Amino acid sequence: MIQSELEAQNIENLDVTELTQLEKQLDAILRQTRSRKMQLMMETITALIEKGKKLGEEKDLMEKEIAALMVEKANQQEQPTAIAAANDNHVDEEMEGEREGEADERSSCAHTKHPVLNLF
Numbered sequence: 001m002i003q004s005e006l007e008a009q010n011i012e013n014l015d016v017t018e019l020t021q022l023e024k025q026l027d028a029i030l031r032q033t034r035s036r037k038m039q040l041m042m043e044t045i046t047a048l049i050e051k052g053k054k055l056g057e058e059k060d061l062m063e064k065e066i067a068a069l070m071v072e073k074a075n076q077q078e079q080p081t082a083i084a085a086a087n088d089n090h091v092d093e094e095m096e097g098e099r100e101g102e103a104d105e106r107s108s109c110a111h112t113k114h115p116v117l118n119l120f
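Residue numbering for the sequence shown follows full-length UniProt numbering, starting at 1 and increasing by one per position.
Take a look at the structure:
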């Protein structure tokens with residue numbers, strides 16, 4: 001709009017009234033341009049703030065997932081140790097039970113009235 005006026009006319013040939021009108025038009029266009037620029041900047045800032053919030057939430061969620069995985073991994077590492085210890089205790093108990101059973105058999109054999117078993 002103004003550009004076509006400027007191209008069509010030579011600014012040097014404008015009088016004070018026309019220059020004042022042109023200045024007002026330029027000011028209005030400059031205000032519109034600055035207003036639009038400000039609007040776009042505010043929209044960008046708002047979008048960046050929202051993105052920052054989402055990234056923060058994702059970070060918190062990932063940290064919780066990592067912590068849960070670390071706890072799970074620690075539990076898995078402790079579990080085989082606990083199972084092995086339980087198995088060791090179970091094996092020890094079985095062996096102890098077998099020894100007691102053998103001792104019981106020997107002692108019962110000694111007290112038995114059976115003539116063949118008494119020979120041993």
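In this text, a Cβ means the ideal position worked out from N, Cα and C, and glycines have one as well.
Note that the structure is a prediction, hence the values are computed from the model and not measured.
Three-way DSSP call (helix, strand, coil) for residue i in this model
{"i": "D15", "result": "coil"}
{"i": "N75", "result": "helix"}
Beta-carbon contacts of residue i that lie in its chain and below 8 angstroms, excluding the five residues immediately before and after
{"i": "A68", "result": "none"}
Residue i and residue j closer than 8 angstroms at C-beta
{"i": "L14", "j": "L26", "result": "no"}
Residue i beta carbon near the ligand ZN (any heavy atom closer than 7 angstroms)
{"i": "T46", "result": "Summarising the ligand content, the structure contains no ligands, and the ligand ZN is consequently not present."}
Contacting residues, own chain, Cβ-Cβ under 6 angstroms from residue i (five flanking each side not counted)
{"i": "T44", "result": "none"}
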